[in-house]
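Numbering-wise, the sequence shown is residues -15 to 306 according to this note's numbering.
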Amino acid sequence: MSKLKIGVIGLGHVGAHVLYTLAVQGLGNDFILVDLENNLTKAKSERQDVLDCTEFLPHPVKIEVGTIEDLSDRDIIVNAVGNIMMLKETHTRLTEMEFNIRAVHSYAERLKKSGFHGILINISNPCDVITKWLNDLLELPKGHVFGTGTGLDTARLKLRLQQQTGVDAKSISAYMIGEHGNEQIASWSTVNFNGVPLAEMAVRDEKFRFDHDEMEKSAREGGWTTYSGKYCTEYAIAMTAARLVDAVSNDKRSIIPVSCLLDGEYGETGLFAGVPAIIGKNGVEEVVELPLSEEEKQKFHKCCDGVRANLADSKRIYDSLK
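Okay, structure coming up:
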């Protein structure tokens, strides 16, 4: 098991399930939990609930409730703050922006002053916007701050491809890219089945001939399907975060779609967006550029324009807090 020291900020549905998933999988054995709402009762309850299951685990787990300053020695921090009930009426992740910008404002400088120099993985929405703010405020080395981005959206796309074609999702290479939101796109020109392009498979078998727009929409809106019945998403995003922690802690150099800084890749600069990247011990170690079609490039740029507009809105919110 990993001996990583991990911090979790935010103990709502997502943060609690991240803690549970990492603890059960043995991806860390030393956790500090921080709840920004100062709800110590909730944090202590989540701590106790997970500790109570450690009797059934093959490895020891240490969990404490602490403050932002206590996170100074953490190898990895997962940021999961948010107020997911705000999405109930709007069905857009942008609804959480003001709440989460305020949260970042309340603790980023404190975390920086604590001396934290590890890896920070952001889940909070809008993911691309909040991840950039954390990156800029913490001033950690390039690649040390990244977000879950389109990682879960990609998993949803691959699941739908599996259901349509009968091919195991693990044998499918496919990506949702761009904003983790309503403007993300599927890079259909790069979809392949263990190296065989989708277009070639479609010639052979009718199962591979389907409405791309409808499947893309289904993957893009998959989170809302879950949210509409329980008003939260928790298990799948926790597994997404766990996969990223695993890639970092074991230096796997796995190619995973994340929200990361674009510095000329895909013709974009100065913003975070969901694209495949090599994830290892130093976080995002390399952005992987997919050979997109011209139409996909234009859609991706349009998507990035939307992220830039959201960043401008977030700056107005942040400046109002000074």
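C-beta atoms are modelled at their ideal positions from N, C-alpha and C, and glycine is treated no differently.
Sequence-distant residues of the same chain with beta carbon closer than 7 Å to GLU270, five excluded per side: Correct list, in chain order: ALA261 and ILE262.
Neighbourhood of SER108 by C-beta, 6 Å cutoff - its chain only, sequence neighbours within 5 removed: Same-chain partners within the cutoff: ASN63, VAL65, GLY66, ASN84 and ILE114.
C-beta atoms of LEU11 and VAL272 nearer than 7 Å: In this structure, VAL272 does not lie closer than 7 Å to LEU11 by Cβ.
Supposed contact pair LEU104 and HIS128 - C-beta distance, whole angstroms, cut 8 Å: Taking a contact as a CB-CB distance under 8 Å, the pair HIS128 and LEU104 counts as one, their CB atoms being some 7 Å apart.
Buried versus exposed call for ASN294 [16 or more other C-beta atoms within 10 Å across all chains shown]: Classification of ASN294: buried, given that the 10 Å Cβ count is 16 or more.
Among THR209, TRP172, VAL151 and THR210, the one whose alpha carbon lies nearest that of ASP189: Ranking the options by Cα distance to ASP189, first place goes to VAL151.
Close Cβ partners of GLY207 (< 7 Å) along its chain, the five nearest in sequence each way excluded: So the list reads THR217, once near-sequence residues are dropped.
Selected residue, minimal CA-CA separation from GLY162, among ALA27, GLU184, ILE(-7) and ARG292: Of the candidates ALA27, GLU184, ILE(-7) and ARG292, ARG292 places its Cα closest to the Cα of GLY162.
Through-space distance from PHE256 to ARG227, alpha-carbon basis: Each residue's alpha carbon lies about 20 Å from the other.
7 Å Cβ shell around LYS299 - same chain, five flanking residues per side excluded: Result list for LYS299: empty, nothing under 7 Å.
Stretch-stretch touch, CB-based, cutoff 8 Å, three pairs: the region 185 to 205 with the region 230 to 244: The region 185 to 205, when compared against the region 230 to 244, does not touch it at the 8 Å Cβ threshold.
Rounded Cβ spacing between ILE169 and CYS287 (contact assumed at less than 8 Å): The beta-carbon distance between ILE169 and CYS287, rounded to whole angstroms, is 6 Å. This is short enough to meet the 8 Å contact definition.
Beta-carbon proximity list for GLU123, same chain, < 8 Å, skipping 5 on both sides: Correct list, in chain order: LYS96.
Residues of its chain near LYS46, where Cβ-Cβ distance is below 8 Å and the 5 sequence neighbours each way are ignored: So the list reads ASN13, ASP14 and PHE15, once near-sequence residues are dropped.
Per-residue DSSP class, three states only, for ALA158: Coil, per DSSP.
Residue range of the unbroken alpha helix (DSSP H) whose run includes SER202: Taken as a continuous stretch (DSSP letters only), the alpha helix (DSSP H) holding SER202 covers 196 to 204.
Whole-angstrom distance between LYS191 and THR132, CA atom to CA atom: Between THR132 and LYS191, the alpha-carbon positions lie close to 31 Å from each other.
Contiguous alpha helix (DSSP H) assignments of at least 4 residues, all confined to the region -15 to 35: Complete alpha helix (DSSP H) runs here, min 4: -3 to 9.
Residue environment, CYS111, which counts as buried when at least 16 other CB atoms sit within 10 Å: It is buried - the Cβ of CYS111 has at least 16 other Cβ atoms within 10 Å.
Three-way DSSP call (helix, strand, coil) for ILE221 in this model: ILE221 sits in a helix when the DSSP states are folded into three classes.
Residues near TRP117 by beta carbon distance below 8 Å, same chain, minus five either side: Listed in chain order, the non-local C-beta contacts of TRP117 below 8 Å within the same chain comprise ILE85, VAL88, ALA92, SER298 and TYR302, local neighbours out to five positions each way being set aside.
Segment contact flag, the region 53 to 63 with the region 29 to 39, C-beta cutoff 8 Å, min 3 pairs: With the cut-off at 8 Å, the region 53 to 63 and the region 29 to 39 do not touch.
Runs of beta strand (DSSP E) wholly within the region 82 to 131 (minimum 3 residues, chain order): If you keep only unbroken beta strand (DSSP E) runs of at least 3 residues inside the region 82 to 131, you get 103 to 106 and 129 to 131.
Sequence-distant residues of the same chain with beta carbon closer than 6 Å to ASN106, five excluded per side: Result list for ASN106: ASN63, ILE114, THR115, LEU118 and GLY131, in chain order.
Opening and closing residue of the alpha helix (DSSP H) in which SER298 lies: Segment 278 to 304, the alpha helix (DSSP H) holding SER298.
DSSP-derived helix/strand/coil call for THR134: In the structure shown, THR134 sits in coil (DSSP, three-state: anything other than H, G, I, E or B).
Supposed close pair ASP57, LYS142 - CB separation, criterion 8 Å: Going by Cβ atoms, the distance from ASP57 to LYS142 rounds to 37 Å, so no, they are not a contact pair.
C-beta contact flag for CYS101 and THR134 at 7 Å: Before going on, a small fix: residue 101 reads as His here, not Cys. Their beta carbons are not under 7 Å apart, which means HIS101 does not touch THR134 by this criterion.
Distance CB(PRO241)-CB(GLY258) smaller than 7 Å: The answer is yes: Cβ separation under 7 Å.
Coarse secondary structure for THR149, derived from DSSP in three states: In the structure shown, THR149 sits in a helix (DSSP, three-state: H, G or I).
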